[in-house]
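Protein chains in written order, with this note's numbering: chain R, -6 to 366; chain C, 82 to 227.
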């Protein structure tokens, strides 16, 4: 008898996957039919998931500190948690208390001293110094005046911005208000909650799920802590260097470097644009070339010293992977996707490595069994 | 006797000693770099501030050395394969220390034209010191992927 080319087992598997695929399509079709209902449900989920994710991120950052205190004999959990929480809140509060007035003052000074100069420069001197020539400048100027494109864009942009801010304000305020409470409860019962979550997983996969969860916590936690430290260190270094070279709004631009560093590779480039433009227009202070040089040196130090040191080699993800994930998650989730692209990429890498290790382990076990028999 | 190629592993006592003394050497520039950003030099007389910082530095160094000597036996028993985190700490304070030395130079001499040359010179000294320290005491292999 001729042996069938496809075994029953493979056929069963194909049928199973086909069934799942059809069921998936069915669910999507149903979801499309009741889009209002789903958007209602999704909004409810979003309202829960944002503070919950923030609490998870906060817990990943703070939990090692609590564990460290407990290891040193500072306990029980309530006490060590209280200490860490007071420290964290104190740090955030003092950062706001000391830095916000400085940054606000610099912004005020900019609008009082430099903004009129910039406007004057655009109106009077830009035509003569335009890099593409006065003809092109006149054409652009005429186009802008005829089509009224700037006024139209501003007219559209401002109401949209107000609408977006007002719609996002309530969820943000709710998240900020709920976050400390969620964080306290989560950190207080960290092990119990994780244990309960683990109990949801079927017994057969419990061990693997626990291992994967612990690896993910370790990696994402280390990544977030590293990123936070990197932002602080680079922000501080940029502020100091900007002041040394005599840049006027060094606090503002340094702060920008720290904040934008949340986006790997692109952050420093984005942060370099405003000071370079400013030095082009400003009449005093360092030239744009010096600012560009400083930013190139900072980028070099960030990529070759700080990033490998602080983020450690375990978390090193190839730059191409990071750039692709920034583009992909950025287009999926917007600015939030850009910010969280790297931790998501790190998580995917951990999951991939875990399953690769698991497969190797299974193969090794099979080999050992075969040898034994 | 055949000389072993295996690197000597230092105890936490030696490492803590190096880290502490390194921090104390950079103490004045480290403080100065942050006072510079917040323009504190305009509030105090700079010479008095520097003298006070030096006095505090010497005082903390003495206390720290005595403390390390007391804890010597306990720390000598603690050994790690390598001291990566301690080394990373040294790198980070070196960056701020380097900038602190530039600030110090600016305070004393004020000639901004020479700052890039001094920066490069200091950078070479710091990098060389860190590489040598890392190889000898912190047991780091720069070429090896961890």
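C-beta: ideal position from N, C-alpha, C; glycine also. All values reported here derive from a predicted model rather than from experimental measurement.
| query | result |
| --- | --- |
| Beta bridge counterpart(s) of residue 160/C as assigned by DSSP | 92/C |
| Per-residue contacts from residue 180/C into chain R (C-beta, under 8 Å) | 230, 233, 234 and 237 |
| Against chain R: residues of the stretch 190 to 210 of chain C by CB proximity under 8 Å | 193 and 196 |
| Contact set for residue 201/R: own chain, Cβ-Cβ below 7 Å, skip 5 residues either direction | 351 |
| Close-in-space but distant-in-sequence residues of the same chain around residue 63/R (CB under 8 Å, 5 per side omitted) | 70 and 73 |
| Per-residue burial, residue 11/R [other beta carbons within 10 Å of its own, 16 or more giving buried] | exposed |
| Residue from 126/C, 220/C, 181/C and 193/C whose Cα sits closest to the Cα of residue 207/C | 181/C |
| Meets three-Cβ-pair contact criterion under 8 Å: the stretch 271 to 283 of chain R and the stretch 232 to 242 of chain R | yes |
| Contacts that residue 174/C makes with chain R (C-beta to C-beta distance below 9 Å) | Residues of chain R passing the Cβ test: none, with the nearest at roughly 10 Å. |
| Reduced DSSP secondary structure (H/G/I, E/B, other) of residue 227/C | Note that residue 227/C scores 45 on pLDDT, short of 50, meaning its location in the model is unreliable and no value can be drawn from it. |
| Terminal residues of the alpha helix (DSSP H) in which residue 185/R lies | 183 to 193 |
| Member of 103/C, 98/C and 132/C whose CA lies at the smallest distance from the CA of residue 211/C | 103/C |
| C-beta neighbour in chain C for residue 226/R, strict 8 Å | yes |
| Integer Cβ distance of residue 415/R from residue 48/R, believed to fall under 8 Å | Any answer about residue 415/R is impossible in this case: the structure gives chain R only from -6 up to 366. |
| Chain-order list of residues whose beta-carbon lies under 6 Å from that of residue 227/C (same chain, five-residue window excluded) | A caution first: residue 227/C carries a pLDDT of 45, below 50, which makes its placement in the model unreliable, though a value can still be read off. If we look at residue 227/C and ignore the five residues flanking it on each side, it has no Cβ neighbours. |
| Where residue 326/R falls: helix, strand or coil (DSSP) | helix |
| Contact check, residue 175/R vs residue 76/R, beta carbons under 8 Å | no |
| Check whether residue 227/R and residue 295/R have beta carbons under 8 Å apart | yes |
| Distance, residue 118/R Cα to residue 81/R Cα | 50 Å |
| 8 Å Cβ cutoff, residue 164/C in contact with chain R | no |
| Short Cβ contact (8 Å threshold) for residue 339/R with residue 310/R | yes |
| Residue 298/R at chain C interface by Cβ criterion, 8 Å | yes |
| Alpha-carbon to alpha-carbon, residue 135/R and residue 54/R | 54 Å |
| Proximal chain R residues relative to residue 117/C, where beta-carbon distance stays under 9 Å | 233, 236 and 237 |
| Top-ranked residue by Cα proximity to residue 217/R, from 322/R, 336/R and 232/R | 336/R |
| C-alpha distance - residue 214/R paired with residue 102/R, whole-angstrom precision | 39 Å |
| Terminal residues of the alpha helix (DSSP H) in which residue 136/R lies | 127 to 140 |
| Buried versus exposed call for residue 205/C [16 or more other C-beta atoms within 10 Å across all chains shown] | exposed |
| Unbroken stretches of the alpha helix (DSSP H), 4 residues or longer, contained in the stretch 211 to 260 of chain R | 243 to 253 |
| CB contact check: residue 184/C to chain R, cutoff 8 Å | yes |
| C-beta neighbour in chain R for residue 160/C, strict 8 Å | no |
| Partner residues on chain R for residue 100/C, Cβ-Cβ distance less than 9 Å | Near residue 100/C there are no residues of chain R at all, since even the closest Cβ is about 15 Å away, more than 9 Å. |
| Inter-residue spacing [alpha-carbon to alpha-carbon] between residue 16/R and residue 22/R | 10 Å |
| Residue-level contact to chain R via CB, residue 114/C, 8 Å cutoff | yes |
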